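Chemist:
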Amino acid sequence: MTAIVVENVSKKFRLSGHKIRSIKEGALKLGRNTYEEFWALKDISLTIDEGETIGILGHNGSGKSTLLKCISGILKPTTGEVRLRGRIASLLELGAGFHPDLTGRENVYINASFLGIPKKEIAKHFDDIVAFAELEHFIDQQVKYYSSGMYVRLGFAVAINVEPDILLVDEVLAVGDEVFQKKCIDRVEELQGEGKTILFVTHGADLARKICDRVIVLDHGDMVANGAPGESIRIFREYLHGHLTDVEGEPVAETARTHDPRVHITSVSFEHPGQPDRRHVFAGEPLTIRVGIETVEPVADAVLGLEVRDASGEVLYVADTEMLGAPLPPLVGAVEVAFNIGSLPLLDGAFPISIQLKDRHGGRLLDFREGQDTFEVVNPTRAGGSILLPVSVETTEPVTR
Amino acid sequence: MATSSLSDHELQLVAPRQPVAAHLRDIWRFRELLRNLVRKELKVKYKNSALGFVWSMLNPLFLLLIYGVAFSILGTAFDYFTIWLLIGLLVWNLFNTSILAGTASITGNSYLVNKVRFPREVLPLASVGAALVHFFLQSLVLVVVLAVVRYNVDWAYVWLLPFALVTLLVFAAALAVIFSAMNVYLRDTGHLLELAMMAWFWLSPILYYYMLVADKLVERGLNGNLLLLNPVAAPLITFQRALYGTAAIPGKQLLPDGSPLWYFRNLGIVLAAGTVLFLIAIKIFDRAEGNFAEVM
């Protein structure tokens, strides 16, 4: 059964340095538009089935929180509509809806009535909520004395212990200590098991991969992906990078090519066994890195080095043709060297590589290429982390005698 | 456990516009929230005060004492003036605080409006509700005073009081809903209203009596009941007629000598107008609420 239908939803915001806030100003500005329009969501359509867990990815300002707010009814769409069935619990912000002057207990009851839950029912769950939030000693204190962690815990505890049919979560999981985060994720998985519908906004592609059935990617208010987690996460990365280069201009390139004039690296390309237009490698697939070299004059004792880094710049692998026991022949004319990786043991992410051409004696740098070539790995499995371990599972049946 | 139970739930819709009926249904569905918000408003108001609710009652009690002393020295136009005054002020305060607190209710609860889903009209209605609770507490004082001085209320009219109260509340609620939405966009609304309410106070027969104006109107060849155009007037004079009566000044008439039915008819007209206004208010609110979270 369909739980949520989002139909052609667009949301327009008015951006203005000058919001009309007083009658005097209103009278003076009557009929003049002093605002700029900005579409936070553009014609989003989406159908979510009961029991699905959907992740919403997107960079800051992509409209993901706006979408969640439209679904939850906090904002009304400018055009289009959202239809849904069931009790929605939403966790959009830290301690949403708590009044600082009221005690934790009073706030729990008020919070529950926002979900349309009668007092009788919430009383049944009250102890669970308090236990889940680990606030037994503080529940009768005014929440203004709570730490931000306590706030989040209580808010989360209410939302997930009131048997919601639909749970909307917006990055609140990022707050709170690790132990509590784990507890929340466990509980979310439990709700998944019970067939609840869950939508959550996250920056963490790994978390999305771990618990989502489907991932949606938003970019500047457009929905650019809506599909299996692996594929959507790849698209998300592409947009994220595209977005970054938009801002920062040219990628770092052509730095200090103070190289030996006799030889240079002309090209680097990646090859995988799939379709040539696929721009990523799947974890566990073979990958070939081809390096093109052109010599003006023959070069005798050259060594070609390969360095693989992760997105944060940490070096994952360093080797050269010497270490690999495959010394280069004297280079004459155009040469191509291939590094063959039998099975890529990386799970997921973008991996920049650098290539150096050195002199074997003394290691003088002849040419190098850095920060220009990156290969992307997409993890088709549901495992998380950074490396691919070839794990298989075997269960031994107990022997009955 | 994972059975398909969603079909039992009714369909909820988030759309740019919603019919008034859907709003009314939502308000009804969230009546428990309304009750909780009223409770919250009262709790927050008296949080950390030792006397709590007693303050609500001390207020009219002191008013009685001080005015009583003052007018016993200054002399008054008619007997039991403080009782007359207390009746008028209780009714007026209910109307006044409903509207002023209601107007500030959305902006004052931005922490809810920005973060939680619920029918927003509940906020101004909760302000009206809180004002009503105050009214009841303060009325206790009035009842006690009436009992103590063995004042003769006019039982023939007392049965009209619940009706008068509902009439006043519907009108106040309608205005509270409209102004609460307006105040989000134009923050001056609240301040402007405070001035308007001051004028409205003097347009209502609280510090003076109805017939004073009615006689003057007739002298000038106008309809004596022009004052009834003020929607507060009908409930107000009903309260005065029932509780204060007409007996106080020999030879002088304070209130129109209509039958209970005449009062009832007046209330009915105002209630009908108030109901229509309330529906219009919901309609206006529906237009405005889409951008609440964005503007605040």
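So the sequences go chain by chain: A and B.
Per the working numbering, residue 1 is the first one in the first sequence, and the count goes up by one each step.
Per the working numbering, residue 402 is the first one in the second sequence, and the count goes up by one each step.
Cβ atoms here follow ideal geometry from the backbone N, Cα and C, with glycine treated the same way.
Computed from a prediction, not measured in an experiment: that's the story for all the values here.
1. How many whole angstroms separate the CB atoms of B:Val439 and B:Val534, which I take to be in contact at a CB cut-off of 8 Å?
2. Closer than 7 Å, Cβ to any Cβ of chain A: which residues of the stretch 411-425 of chain B, in chain order?
3. Hey, quick one: how far does the beta strand (DSSP E) through A:Lys182 stretch, first residue to last?
4. Pop quiz: A:Ser62 and A:Leu92 are said to be a contact at Cβ under 8 Å. What is the actual Cβ separation, rounded to whole angstroms?
5. Using the beta-carbon of each residue, which ones in chain B are nearer than 7 Å to A:Leu92?
6. If contact means a Cβ-Cβ distance below 9 Å, which residues of the stretch 443-469 of chain B contact chain A?
7. Which residue comes first and which comes last in the alpha helix (DSSP H) that contains B:Ala694?
8. On the DSSP letters alone, give me the boundaries of the alpha helix (DSSP H) that B:Thr676 sits inside.
9. Mind listing the chain B neighbours of A:Thr78? Cutoff is C-beta to C-beta under 7 Å, in chain order.
10. Is there at least one Cβ from chain A nearer than 8 Å to B:Lys441's Cβ?
11. Could you tell me whether any Cβ in chain A is nearer than 8 Å to the Cβ of B:Asn437?
12. What did DSSP end up calling B:Trp601 once you bin it into helix, strand or coil?
13. Please return the same chain residues whose Cβ sits closer than 7 Å to the Cβ of A:Phe126, not counting the five positions on each side in sequence.
14. Helix, strand or coil for A:Ile387? Go by DSSP, reduced to three states.
15. In whole angstroms, what is the alpha-carbon distance linking A:Ala403 and A:Ile44?
16. Can you list the residues of chain B that A:Glu238 reaches, using a CB-CB cut of under 8 Å?
17. Within 10 angstroms of the Cβ of B:Ile474, are there 16 or more other Cβ atoms? Answer buried if so, exposed if not.
18. Closest to B:Trp556 by CA distance: which of B:Leu662, B:Leu672, B:Phe454, B:Gly646 is it?
19. Consult DSSP for A:Ile415 and reduce its assignment to one of helix, strand or coil.
20. Under 7 Å Cβ-Cβ, which residues of chain A neighbour B:Arg430?
21. According to the neighbour-count rule (16 or more other Cβ atoms, all chains shown, within 10 Å of its Cβ), is B:Trp560 buried or exposed?
22. Tell me which residue opens and which closes the alpha helix (DSSP H) that A:Asn226 is part of.
23. By DSSP, does A:Glu397 sit in helix, in strand, or in coil?
24. Any beta carbon from chain A within less than 8 Å of B:Gly591's own beta carbon?
25. What number of angstroms, rounded off, separates the C-alpha of A:Ile56 from the C-alpha of A:Gly227?
26. Within the continuous alpha helix (DSSP H) that includes A:Ile71, where are the two ends?
27. For B:Pro636, count neighbouring Cβ atoms within 10 angstroms of its own Cβ and tell me buried if that reaches 16, exposed if not.
28. Output yes or no for whether 8 Å exceeds the beta carbon distance between B:Phe482 and B:Phe472.
29. For A:Lys76, collect the residues of the same chain with a Cβ closer than 8 Å to its Cβ; drop the 5 residues on either side in sequence, then sort them by chain order.
30. Taking only three categories from DSSP, how would you classify A:His243?
31. With the cut-off set at 8 Å, would you say A:Arg153 and A:Leu168 are in Cβ contact?
32. If you run the structure through DSSP and keep just helix, strand and coil, what is A:His264?
33. Taking the C-alpha atoms as reference points, what is the distance between A:Lys399 and A:Ser392?
34. Taking only runs of the beta strand (DSSP E) that begin and end inside the stretch 263-340 of chain A, which ones reach a length of at least 3 residues, in chain order?
35. With a cut-off of 8 Å, does the C-beta of A:Val82 fall near any C-beta of chain B?
36. What residues from chain B crowd round A:Lys144, counting only those whose CB sits closer than 9 Å?
Modeler: The structure says:
1. 7 Å
2. Correct list: Leu412, Gln413, Leu414, Val415, Ala416, Pro417.
3. Per DSSP, A:Lys182 belongs to no beta strand (DSSP E); it is in the alpha helix (DSSP H), 178-193.
4. Rounded, the Cβ-Cβ distance is 16 Å, inconsistent with contact.
5. Lys516
6. Lys444, Val445, Lys448, Asn449
7. 693-696
8. Unbroken alpha helix (DSSP H) run through B:Thr676: 661-690.
9. Chain order gives the chain B residues near A:Thr78 as Pro417, where near means a beta carbon separation below 7 Å.
10. yes
11. Taking 8 Å as the threshold, the shortest C-beta distance from B:Asn437 to chain A falls below it.
12. helix
13. Non-local C-beta neighbours of A:Phe126 in its own chain, meaning closer than 7 Å and more than five positions away in sequence, comprise Val108, ordered along the chain.
14. strand
15. This structure leaves residue 403 of chain A out entirely; chain A is present only between 1 and 401.
16. Here the premise fails: no neighbours, minimum Cβ distance about 30 Å.
17. exposed
18. B:Gly646
19. Residue numbering for chain A in the displayed model covers 1 to 401; residue 415 of chain A lies beyond these limits and cannot be assessed.
20. Gly116
21. exposed
22. A:Asn226 -> not in any alpha helix (DSSP H); beta strand (DSSP E) instead, spanning 222-227.
23. Residue state, collapsed to three classes: coil.
24. no
25. 11 Å
26. 64-72
27. buried
28. yes
29. Cys70
30. Interpretation of A:His243 is limited by its pLDDT of 47, a score under 50 that renders its predicted location unreliable; no figure is taken from the coordinates.
31. no
32. Under the three-state reduction of DSSP, A:His264 is assigned to strand.
33. For the sequence presented, residue 399 of chain A should be read as Val rather than Lys. One C-alpha to the other measures close to 22 Å.
34. 263-271, 280-282, 287-295, 302-309, 315-320
35. yes
36. Ordered by position in chain B, no residue passes the 9 Å Cβ test against A:Lys144, which lies about 10 Å from the chain.
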